[in-house]
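Scroll down for the structure; my scribbles are underneath it.
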Amino acid sequence: MNELSQQIAERIANTPEQKISFREFMRHALYTPNLGYYCQNRLPIGESGDFVTAPEISALFSQCLARQALEIFKHIPDSSILELGAGLGSLACDVLLYLEKENSLPVQYFILDLSGSLQCAQKERIQQYCPHLLSKVVWLSTWPENFSGLVIANEVLDAMPVDILRFKQEDCQLAFITHSAKGFDWRYDPIEDPDLQKMAEDIRESLPQDALEQEYITEINPTLSPWFKGLSEHLVQAVVLIIDYGFLETEYYHPDRSMGTLMCHYQQQAHADPLIHIGQQDLTAHVDFSAVIKAATQAEFNVLGYTTQASFLLALGLLDLAGENLSLIDHYALAQQIKYLTLPSEMGELFKVLALGKNYTLTLSGFKKPY
Ligand SMILES: C[S@@+](CC[C@H](N)C(=O)[O-])C[C@H]1O[C@@H](n2cnc3c(N)ncnc32)[C@H](O)[C@@H]1O
Numbered sequence: 315m316n317e318l319s320q321q322i323a324e325r326i327a328n329t330p331e332q333k334i335s336f337r338e339f340m341r342h343a344l345y346t347p348n349l350g351y352y353c354q355n356r357l358p359i360g361e362s363g364d365f366v367t368a369p370e371i372s373a374l375f376s377q378c379l380a381r382q383a384l385e386i387f388k389h390i391p392d393s394s395i396l397e398l399g400a401g402l403g404s405l406a407c408d409v410l411l412y413l414e415k416e417n418s419l420p421v422q423y424f425i426l427d428l429s430g431s432l433q434c435a436q437k438e439r440i441q442q443y444c445p446h447l448l449s450k451v452v453w454l455s456t457w458p459e460n461f462s463g464l465v466i467a468n469e470v471l472d473a474m475p476v477d478i479l480r481f482k483q484e485d486c487q488l489a490f491i492t493h494s495a496k497g498f499d500w501r502y503d504p505i506e507d508p509d510l511q512k513m514a515e516d517i518r519e520s521l522p523q524d525a526l527e528q529e530y531i532t533e534i535n536p537t538l539s540p541w542f543k544g545l546s547e548h549l550v551q552a553v554v555l556i557i558d559y560g561f562l563e564t565e566y567y568h569p570d571r572s573m574g575t576l577m578c579h580y581q582q583q584a585h586a587d588p589l590i591h592i593g594q595q596d597l598t599a600h601v602d603f604s605a606v607i608k609a610a611t612q613a614e615f616n617v618l619g620y621t622t623q624a625s626f627l628l629a630l631g632l633l634d635l636a637g638e639n640l641s642l643i644d645h646y647a648l649a650q651q652i653k654y655l656t657l658p659s660e661m662g663e664l665f666k667v668l669a670l671g672k673n674y675t676l677t678l679s680g681f682k683k684p685y
């Protein structure tokens with residue numbers, strides 16, 4: 315057993331019922347300082363890590379976001395950017411470099427990330443690729459005060475700890491993790507928290523009713539509401555762009571997803587067992603965008619747009635950003651990147667972009683039909 319597994323086992327042993335919720339387990343596995351998956355020296359993202367994200371695939375992705383930022387900056391005075399969960403810092407570099415070329419740098423580029431080791435990686439990357447812009451970047455440990463501008467969260471919501479619910483006919487239970495000499499194990503018990511009970515009942519309405527004859531397992535992120543409320547309270551005027559893999563509820567609660575969407579990524583391989591490689595593998599769940607929209611609108615955001623990543627990037631001119639007069643090799647490399655970002659079989663359709671406005675109602679170019 316590694317040190318993190320031991321700590322989690324001890325935590326379970328010290329609880330009255332010898333169990334912790336799956337959400338607590340996921341939080342420890344990902345975010346325990348120095349030991350959690352996102353908090354170690356070994357970097358999880360990129361070709362030497364366990365998975366690759368859009369900003370690591372191509373600078374074109376970040377340049378499209380920068381184009382959307384330019385438009386927003388025209389309507390919000392003294393705009394800054396707040397990037398949540400900035401990973402390796404590539405998006406920050408590419409957005410800042412693009413905006414600099416357009417003479418439209420933000421007042422500040424704030425980064426809020428739970429992981430200290432990723433914060434170090436971000437600083438190193440900015441120092442390496444755009445040292446002259448380092449002074450623009452401010453790392454935060456909590457929401458900024460009176461923020462105006464653009465908030466970006468790429469693949470952040472899928473990295474938030476989730477609870478797991480198991481529905482069967484009239485019954486609904488919550489997943490817990492136990493520990494014994496045999497190792498970690500699952501246990502399902504009735505839900506005791508009344509707020510979670512209410513959320514589970516709401517989900518039941520969206521489930522395919524014939525799937526309830528068998529078991530239907532799904533995830534829920536109960537922290538969405540407080541998270542959006544916290545964000546909203548710190549914004550004066552802003553657009554929030556949330557980019558992630560997931561669906562609206564009609565697709566999310568599909569009969570084919572009766573085992574839920576929780577996935578583990580270990581050395582570029584995907585599998586479904588979160589109780590192995592603890593602290594060494596990513597744990598992630600697809601995003602229920604209907605739940606996100608509900609939590610956001612309750613927190614006084616309005617929906618400015620919702621579309622696929624492909625449609626968003628193409629509407630922002632992804633193809634003309636790729637440039638002219640390229641060598642054959644560069645042309646081939648960019649064509650591959652564009653395919654990866656936009657093809658339905660790659661990131662193009664599974665990934666969605668949701669734009670939320672706080673005191674902002676103008677149409678955004680990313681949501682205009684690209685063709
Ligand atoms: C899957 S990685 C994506 C990183 C980066 N955005 C990218 O696209 O490469 C998830 C990131 O979100 C961060 N994160 C997770 N929950 C967060 C939260 N509540 N606030 C800020 N950052 C968070 C993690 O530390 C990590 O940097």
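Numbering (the numbering used here), first residue to last: 315 to 685.
Just so it is clear, CB atoms sit at the ideal spot from N, CA and C, and this is done for glycine as well.
Taking the alpha-carbon positions, what's the Q581 to P358 distance? 9 Å
Let me check understanding here. Comparing Cα to Cα, which of S679, W457, T456, K437 lies closest to K450? For K450, the nearest C-alpha among the options comes from K437.
Please report the distance separating the alpha-carbon of C444 from that of L618. 32 Å
When burial is assigned at 16 or more other CB atoms within 10 Å of the CB, is Q595 buried or exposed? By the neighbour-count rule (16 or more Cβ atoms within 10 Å), Q595 is buried.
Closer than 7 Å to a non-hydrogen atom of ligand 1 - does that hold for the CB of I690? The question about residue 690 has no answer here: the residues shown for the chain are numbered 315 through 685.
Please identify the residue among Y345, M315, H389, F481 whose C-alpha is closest to the C-alpha of Q523. F481
Report back the beta-carbon spacing between V554 and F615 to the nearest angstrom; my notes put them in contact at under 8 Å. 7 Å
Compute the Euclidean distance between the alpha carbons of F498 and E563, then round it to the nearest angstrom. 31 Å
Beta-ladder partner(s) of D499, from DSSP: T492
Tell me the residue span of the alpha helix (DSSP H) that contains T611. 603-612
When you measure from the CB of P540 to every non-hydrogen atom of ligand 1, does any distance come out below 7 Å? no
N355 Cβ short of 7 Å to ligand 1 heavy atom set: no
Inter-stretch contact at 8 Å, needing at least 3 Cβ pairs: the stretch 566-579 / the stretch 526-541: yes
Tell whether a beta-carbon distance below 8 Å holds between D408 and Q382. no
Residue from W541, K682, S520 whose Cα sits closest to the Cα of Y566: S520
Check whether the Cβ atoms of Q483 and Y502 sit closer than 8 Å, and answer yes or no. no
Should G350 be counted as a contact of ligand 1 given a C-beta to heavy atom distance under 7 Å? Answer for G350: no, Cβ out of range of ligand 1.
Would you mind listing the alpha helix (DSSP H) stretches within the stretch 363-387 that are 4+ residues and don't spill past its ends, in chain order? 368-371
Using 8 Å as the cut-off, can you tell me whether the stretch 365-379 makes contact with the stretch 332-345, which would need three or more C-beta pairs spanning the two stretches below that distance? no
Hey, is E361's beta-carbon within less than 8 Å of any beta-carbon in chain C? In the structure shown, chain C cannot be found, because there is only a single protein chain.
Closer than 7 Å: V617 CB and nearest ligand 1 heavy atom: Not one heavy atom of ligand 1 lies closer than 7 Å to the C-beta of V617.
DSSP state of R325 mapped onto helix, strand, coil: helix
Do you know whose CA, among I386, F375, A373, Q583, lies nearest T677's CA? I386
Mind listing, in chain order, the continuous alpha helix (DSSP H) runs of no fewer than 4 residues lying wholly within the stretch 429-460? 430-443
With the cut-off set at 8 Å, would you say A327 and H493 are in Cβ contact? yes
Separation of K496 from M315, as counted between CA atoms: If you take the alpha carbons of M315 and K496, they lie about 11 Å apart.
Spell out the partners DSSP gives Y620 in its beta bridges. L668
Helix, strand or coil at T564 according to DSSP, with G and I counted as helix: Residue state, collapsed to three classes: helix.
Can you list the alpha helix (DSSP H) stretches of 4 or more residues lying completely in the stretch 525-552, in chain order? Runs of the alpha helix (DSSP H) inside the stretch 525-552: 538-547.
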